[in-house]
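Engineer: For this note's numbering, count along the sequence shown from 1 and bump the result up by 5. Quick one: the structure is below, and I'll ask about it shortly.
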Amino acid sequence: MREKVWRIEVATREGLIDPAGEAITSDIADLGLTGVRSVRFVRVFFVKTGESAAKVRKIATELLSDPICDVSAVGRHVLKAARDVSVVEVVRKPGVMDPVEASTLKGIAEMGY
């Protein structure tokens, strides 16, 4: 099967405390920026694989997220967009070590993919 790069998003379920989002909101306020009411933190994974969409969804739900407190989405945004929302996406520079990448690859291999 031909390999494809899948985008997986994982976020804290609506209505639960988003500790990373709250910390970023506080950091923004500490910088003196006043227009930000709240921040939602979304983890984004890019997975290159020849596996099926169903298997990639299984990776998202069983490996990358906690089904009790997280929601995940494959190939689409996990949070609903609103009119007054801005999105800022931060990624690592190419070549920078990413320990999450290493543990994710190990977990995917342990799932047999």
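Built from N, CA and C at the ideal position, the CB exists for glycine as well.
For the 8 angstroms Cβ check, are there 3 or more pairs between the region 15 to 22 and the region 75 to 85?
Structural biologist: yes
Engineer: Using the Cα positions of VAL93 and TYR118, report the straight-line distance between them to the nearest angstrom.
Structural biologist: VAL93 and TYR118: Cα-Cα distance of roughly 31 angstroms.
Engineer: Using DSSP bridges, identify the partner residues of LYS111.
Structural biologist: Note: LYS111 sits in no beta bridge, so no partner.
Engineer: What runs of the alpha helix (DSSP H), each 4 residues or longer, lie entirely inside the region 23 to 97?
Structural biologist: Qualifying alpha helix (DSSP H) stretches, in chain order: 24 to 35, 58 to 67.
Engineer: Using a threshold of 7 angstroms, state whether the C-beta atoms of ALA25 and PHE50 are closer than that.
Structural biologist: It is not a contact, given that the beta carbons lie outside the stated cut-off.
Engineer: Taking the C-alpha atoms as reference points, what is the distance between LYS98 and ALA107?
Structural biologist: 16 angstroms
Engineer: Exposed or buried, ALA65, counting other C-beta atoms within 10 Å across all chains shown (16 or more means buried)?
Structural biologist: buried
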